[in-house]
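> This is the structure I have questions about; it appears just below.
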């Protein structure tokens with residue numbers, strides 16, 4: 525009986541993991557879209573003569589818009 529209980533629990537946890545992975549992917553895609561919009565706003569600001577220098581925003585854009593070297597090699 526214990527083996528069946530463990531298998532059932534494993535199945536439940538696997539379903540939960542799949543759900544969380546999907547949600548994480550959705551959030552990543554949404555964040556990437558927002559980073560693209562942010563880059564566009566910054567470009568527009570510079571075009572209009574504004575000055576911009578925000579390290580946190582640069583880190584966000586780097587995280588979501590700049591591909592890692594290992595990712596570039598695999599494509």
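In our numbering, the protein residues as written are 525 to 599.
No residue lacks a Cβ here, since even glycine has one placed at the ideal position from N, Cα and C.
If you draw a straight line from the C-alpha of residue 553 to the C-alpha of residue 581, how long is it?
Straight-line measurement puts the Cα of residue 581 at about 17 Å from the Cα of residue 553.
> Which stretch, first to last residue, makes up the alpha helix (DSSP H) that contains residue 587?
It spans 579 to 589 - the alpha helix (DSSP H) in which residue 587 sits, taken as one unbroken run.
> Taking DSSP as the reference, what is the three-state secondary structure of residue 534?
helix
> Using CA coordinates, which residue listed in 562, 544, 526, 540 is at the minimum distance from residue 587?
562
> Taking residue 589 and residue 560 to be in contact with their CB atoms under 8 Å, please state how far apart those CB atoms are, rounded to whole angstroms.
7 Å
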